[in-house]
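Line by line, the protein sequences give chains A and B. Residue 327 in the numbering used here sits at position 225 of the first sequence, with consecutive numbering throughout. Residue 216 in the numbering used here sits at position 187 of the second sequence, with consecutive numbering throughout.
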Amino acid sequence: MITKEIIDQIEGEASIYFDMQDGKVDFADIVFPHFRGMENILQGKNALDALLITPRVCGICGHSHLMAAVRAIEDAYGNSGQIVKLTQKAHNIRELTLTLEIIQNHFKWIYMVLIPKLNSLNNNALQETPLKGAYAASLATKAMSVLSGQWPHSSYMVPGGVTCDPTYIEIMQAKASIEKLIAFFERESLNISLKDFLRFESCKELNELFSDISKIEEQLIMLNMHQKGFSYDTFIVLGEHAFSKKAKIKMTRVTGVDVNHVSTEEPFILNERSYAENALYKNIFHETGPMARLMSKNIKFIKNMHRRYKDSAYTRVMARIYETGYLLEHALNLVSSIDVTQKSIIPLNGIDKVTARGIGVVEAPRGPLIHKIVLQDGIIENYKIITPTQWNISSGPRSKLSPAQKAMSGLSKKEAEFIFRTFDVCSVCTTH
Amino acid sequence: MHSNQEAKPQLLWLQGVTCNGNTHSFINLETLPQLLEKFEILYHPILPSTKNLHEIVSLKNSCDILIFEGAYDPVLKRGDTLIKDVIVHYAKEADYIIAAGTCASFGGIFKQSAPQRNSGLVFNENITQGPLMAYKEKIINLSGCPIHPEWLSTILNMILSGYSIPLDSLLRPQELYSSLAHHGCSRNEYFEWKVDAKGFGLKEGCLYYEQGCRAPMTHASCNKILWNGVSSKTRVGTPCFGCTEPEFPRNDNYVTKTNMSIPQDVPLDIPKRAYLSVAGMAKTFHIKRLEGKLIDYKRDN
Numbered sequence: 103m104i105t106k107e108i109i110d111q112i113e114g115e116a117s118i119y120f121d122m123q124d125g126k127v128d129f130a131d132i133v134f135p136h137f138r139g140m141e142n143i144l145q146g147k148n149a150l151d152a153l154l155i156t157p158r159v160c161g162i163c164g165h166s167h168l169m170a171a172v173r174a175i176e177d178a179y180g181n182s183g184q185i186v187k188l189t190q191k192a193h194n195i196r197e198l199t200l201t202l203e204i205i206q207n208h209f210k211w212i213y214m215v216l217i218p219k220l221n222s223l224n225n226n227a228l229q230e231t232p233l234k235g236a237y238a239a240s241l242a243t244k245a246m247s248v249l250s251g252q253w254p255h256s257s258y259m260v261p262g263g264v265t266c267d268p269t270y271i272e273i274m275q276a277k278a279s280i281e282k283l284i285a286f287f288e289r290e291s292l293n294i295s296l297k298d299f300l301r302f303e304s305c306k307e308l309n310e311l312f313s314d315i316s317k318i319e320e321q322l323i324m325l326n327m328h329q330k331g332f333s334y335d336t337f338i339v340l341g342e343h344a345f346s347k348k349a350k351i352k353m354t355r356v357t358g359v360d361v362n363h364v365s366t367e368e369p370f371i372l373n374e375r376s377y378a379e380n381a382l383y384k385n386i387f388h389e390t391g392p393m394a395r396l397m398s399k400n401i402k403f404i405k406n407m408h409r410r411y412k413d414s415a416y417t418r419v420m421a422r423i424y425e426t427g428y429l430l431e432h433a434l435n436l437v438s439s440i441d442v443t444q445k446s447i448i449p450l451n452g453i454d455k456v457t458a459r460g461i462g463v464v465e466a467p468r469g470p471l472i473h474k475i476v477l478q479d480g481i482i483e484n485y486k487i488i489t490p491t492q493w494n495i496s497s498g499p500r501s502k503l504s505p506a507q508k509a510m511s512g513l514s515k516k517e518a519e520f521i522f523r524t525f526d527v528c529s530v531c532t533t534h
Numbered sequence: 030m031h032s033n034q035e036a037k038p039q040l041l042w043l044q045g046v047t048c049n050g051n052t053h054s055f056i057n058l059e060t061l062p063q064l065l066e067k068f069e070i071l072y073h074p075i076l077p078s079t080k081n082l083h084e085i086v087s088l089k090n091s092c093d094i095l096i097f098e099g100a101y102d103p104v105l106k107r108g109d110t111l112i113k114d115v116i117v118h119y120a121k122e123a124d125y126i127i128a129a130g131t132c133a134s135f136g137g138i139f140k141q142s143a144p145q146r147n148s149g150l151v152f153n154e155n156i157t158q159g160p161l162m163a164y165k166e167k168i169i170n171l172s173g174c175p176i177h178p179e180w181l182s183t184i185l186n187m188i189l190s191g192y193s194i195p196l197d198s199l200l201r202p203q204e205l206y207s208s209l210a211h212h213g214c215s216r217n218e219y220f221e222w223k224v225d226a227k228g229f230g231l232k233e234g235c236l237y238y239e240q241g242c243r244a245p246m247t248h249a250s251c252n253k254i255l256w257n258g259v260s261s262k263t264r265v266g267t268p269c270f271g272c273t274e275p276e277f278p279r280n281d282n283y284v285t286k287t288n289m290s291i292p293q294d295v296p297l298d299i300p301k302r303a304y305l306s307v308a309g310m311a312k313t314f315h316i317k318r319l320e321g322k323l324i325d326y327k328r329d330n
């Protein structure tokens, strides 16, 4: 029997049509029903207007869109003969604000999605403190805003660099917010110092913490999430940052990737119209996100977890939690490395001199985000966006299940809904 | 005796065609826990709520304050129910209807998703033809892309305190929208003496003359009540895009439109002639301090 479940609190809505056999998910197709048409909106506009429009694809990861857009435009500059090379300062500032956006996302997910949804599976075993997530996220966005002016919806990255020109006042303000957030994470989430947490090599070490994080881990084990929610054990990372390495990872085998092999196709939907396209690499589905990134960087804690529990829901969730700490340390290093005496921007020719294609790739909170632009005299002829949720939550037929469809197979509906959310779904990005 | 929970005004947050930016902007509010304590949140896209989406769209409840985020699209459904029916149901009983952000106020970015169909709640850009025209008396437009969390908190607290909220002709609170984004800009001295920024990425210079800044023409208090408590677009060298106004988003946002090298739009309500006379005069002076770098980091090196 097919039943429809509407899933909300995923940055919008999705509908899952579950085909149940003997109380277990036999098949599920996934619909994202809300059309927005960002790519059409961009057509005919000045390329620089993409820096204003594309952050508005998404309220929670608009900064990632801004960075993908500016990289796409810079790539087009390069393809038209003017190679763009950022100063170290501009590069570090961009990386810092991107990192902080991922951090705010993860805090919200842990406290506003994960804990309440674990509770719905396990009789409210955990204390729900969603405002802890909101507070932590606001410290991250405060640190960003010192450099980006505001969050959400900043447009401070421009071809050649950034618009800001911070003094040490701003650098110290940003640093103080990051330090405050680290102290909060240590006190409220970990019950151990960040440094010690990042030294962990095995999930067993979590057992002695008596903290939010150790309790989440305990619940995941109690719910057998280490034996559920397996996908293909095939990951992809396309954005190159200090916290991620471009790679395709099949089990533990790491190989190189070329973004030109990424393609999209219409979703397989039986009952309703969906506005999300499937994303594939060499015509194969791959999982994206924190687990993929940490595997690409060979992080011991996650590698050991993966060796033991493979790509289960447990590893997927714990990777996002671990990455929060990993990125906090990275953010602190970045903010300390900004040299205010360098230039914020390298001047370029006018955008009207650019007739070329460009592609911009970044790691957004949920995985690779790709923007492709076609420019004629600086005007957008075509714009294409491929978002991380399109990879994880594609909707394929029975013969070709997406990572999320595969991970939900064989489970009860309630468990399947939880597994769906372990991918940290972003509906608005998917239906850009 | 009623419990505290029952006595609190009921607040409902619904969404049209949106990016969730207003939702996430609101979550940044420094005093969020204190503000939430004052309401019963019936439904919010991410905050803890007393009802679920299914209960909300079954239209058996009412609310005191309806907050709507996103552009209105008559064919959009939430929870399998036309949002058109949902907002009219709740609008009837609500004491206040708040359009959160520019999409809900005027159509904004997502008017462009379906230009013939989408609009704000009362306005389609600046024309009164939205679906809640009949409830105009209850509407407060809090435009901005996204909404500023402190502005929303200010208005919610004013409602709770029983203060009257004078509005401008676009139904925006004068409290927040009588000043311009220009007020409090840290580059004001450059504006006064007509010293242009020499490009992006500089703390020195005014962004109005070349970089497209619309702060002198934009009703907003971005430089008075800072974003995320610390900054604003102009403070980080990004031009104001006029995101609180019905015309947002405009085209060619990073460049000032000029006629014979004179800005096409002069500061709000200033006669062009008066502006040009003063500007012309100011430009004839050379003020050394405003022409150099503010801080010379390399001086001691």
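The beta carbon of each residue, even a glycine, is placed where N, CA and C say it ideally should be.
**Exposure label - A:S501; buried when at least 16 CB within 10 Å** = exposed
**Message:** Checking the sheet assignment: what are the DSSP bridge partners for B:L171?
**Reply:** B:A129
**Beta-bridge pairing of A:P470 - partner residues as DSSP gives them** = A:E465
**Prompt:** Buried or exposed: where does B:T131 fall if 16 or more other Cβ atoms within 10 Å of its Cβ makes it buried?
**Reply:** buried
**Message:** Can you look up B:N330 in the DSSP assignment and give me helix, strand or coil?
**Reply:** The predicted position of B:N330 is uncertain, since its pLDDT is 46 and thus under 50; no value can be drawn from it.
**Request:** Please confirm if the segment 284-301 of chain A is in contact with the segment 310-322 of chain A, defined as three or more CB-CB distances below 8 Å between the two stretches.
**Result:** yes
**Prompt:** Looking at A:C528 and A:I112, is the spacing between their C-beta atoms short of 8 Å?
**Reply:** yes
**Prompt:** Going by other Cβ atoms of all chains shown within 10 Å of its Cβ, with 16 needed for buried, is A:A285 buried or exposed?
**Reply:** exposed
**Item:** Cutoff 6 Å; reference A:G251; Cβ partners in own chain excluding five residues on either side
**Value:** Y258
**Item:** Straight-line gap, B:R216 to A:T489 (C-alpha atoms, nearest Å)
**Value:** 37 Å
**Message:** Quick test of your reading: B:C272 and B:T263, contact by CB under 8 Å. State the CB separation rounded to the nearest angstrom.
**Reply:** Going by Cβ atoms, the distance from B:C272 to B:T263 rounds to 13 Å, so no, they are not a contact pair.
**Request:** Note down, in chain order, each residue of its chain lying with its Cβ closer than 6 Å to the Cβ of A:I351, except the 5 sequence neighbours on either side.
**Result:** F337 and M397
**Asked** Can you name the residues of chain A whose CB is closer than 7 Å to the CB of B:T53?
**Response** According to the sequence shown, residue 53 of chain B is His rather than Thr. Going along chain A in sequence order, the residues near B:H53 (Cβ under 7 Å) are G161, I162 and P254.
**Item:** Minimum C-alpha distance to A:S240 - residue among A:N326, A:G263 and A:K210
**Value:** A:K210
**Request:** Spell out a yes or no on whether the segment 183-195 of chain A and the segment 465-477 of chain A are touching, meaning 3 or more CB-CB pairs, one atom from each, closer than 8 Å.
**Result:** no
**Message:** Does B:N153 come out as helix, strand or coil in the three-state DSSP assignment?
**Reply:** strand
**Request:** Anything in the segment 250-265 of chain B with a Cβ closer than 7 Å to a Cβ of chain A? List those residues in chain order, please.
**Result:** W256, N257, G258, V259, S260, S261, K262, R264 and V265
**Prompt:** Between B:L76 and chain A, is there a C-beta pair that is closer than 8 Å?
**Reply:** yes
**Prompt:** Cα-Cα, which of B:K121, B:G258, B:E233 and B:P175 is closest to B:G321?
**Reply:** B:E233
**Request:** Below 8 Å on the Cβ atoms is my guess for A:S333 versus A:K126; work out the distance and round it to an integer in Å.
**Result:** In fact, because the Cβ distance is near 17 Å, the residues do not count as touching under 8 Å.
**Request:** State buried or exposed for B:H31, treating a residue as buried only when at least 16 other CB atoms are found within 10 Å of its CB.
**Result:** Unreliable positioning characterises B:H31 in this predicted model, as indicated by a pLDDT of 45, which lies under 50. A coordinate reading is not provided.
**Reduced DSSP category for B:H31 - H, G, I as helix; E, B as strand; rest coil** = Confidence at B:H31 is low in this model, with a pLDDT of 45, below 50, so the placement of that residue is unreliable and no value is reported for it.
**Item:** Below-8 Å beta-carbon distance, A:M214 vs any chain E residue
**Value:** Among the protein chains in the structure shown, which are A and B, there is no chain E.
**Prompt:** Residues in its own chain within less than 6 Å of B:S54 by CB, not counting five upstream and five downstream?
**Reply:** P175, I176 and P178
**Message:** Using only CA atoms, which one of A:K455, A:I440 and A:N326 lies nearest to A:F520?
**Reply:** A:N326
**Asked** Listed in chain order, which residues of the segment 109-136 of chain B have Cβ atoms closer than 7 Å to some Cβ of chain A?
**Response** D109
**Message:** Comparing C-alpha positions only, which one of B:D109, B:Q141 and B:L199 sits nearest to B:S134?
**Reply:** B:L199
**Asked** Where A:S514 and A:Q321 are concerned, what is the direct C-alpha to C-alpha distance, given to the nearest angstrom?
**Response** 18 Å
**Prompt:** Based on the DSSP secondary-structure assignment, which residues constitute the bridge partners of A:A349?
**Reply:** A:V339
**Prompt:** Taking Cβ-Cβ distances shorter than 8 Å, what residues in chain B pair up with A:G263?
**Reply:** F229 and G230
**Asked** Can a CB atom of chain A be found closer than 8 Å to the CB of B:N57?
**Response** yes
**Check whether B:I169 and B:D124 have beta carbons under 8 Å apart** = no
**Asked** Can you name the residues of chain A whose CB is closer than 8 Å to the CB of B:C174?
**Response** R158 and H255
**Prompt:** Quick one, are the C-beta atoms of B:G241 and B:T285 less than 8 Å apart?
**Reply:** yes
**Request:** Mark B:N330 as exposed unless 16 or more other C-beta atoms lie within 10 angstroms of its C-beta, in which case mark it buried.
**Result:** Below a pLDDT of 50, predicted positions are generally treated as unreliable, and B:N330, at 46, falls in that range; the measurement from the model is reported next regardless. B:N330 comes out exposed.
**Item:** From B:K121, B:A128, B:L88 and B:E122, residue whose alpha carbon lies closest to that of B:L111
**Value:** B:L88
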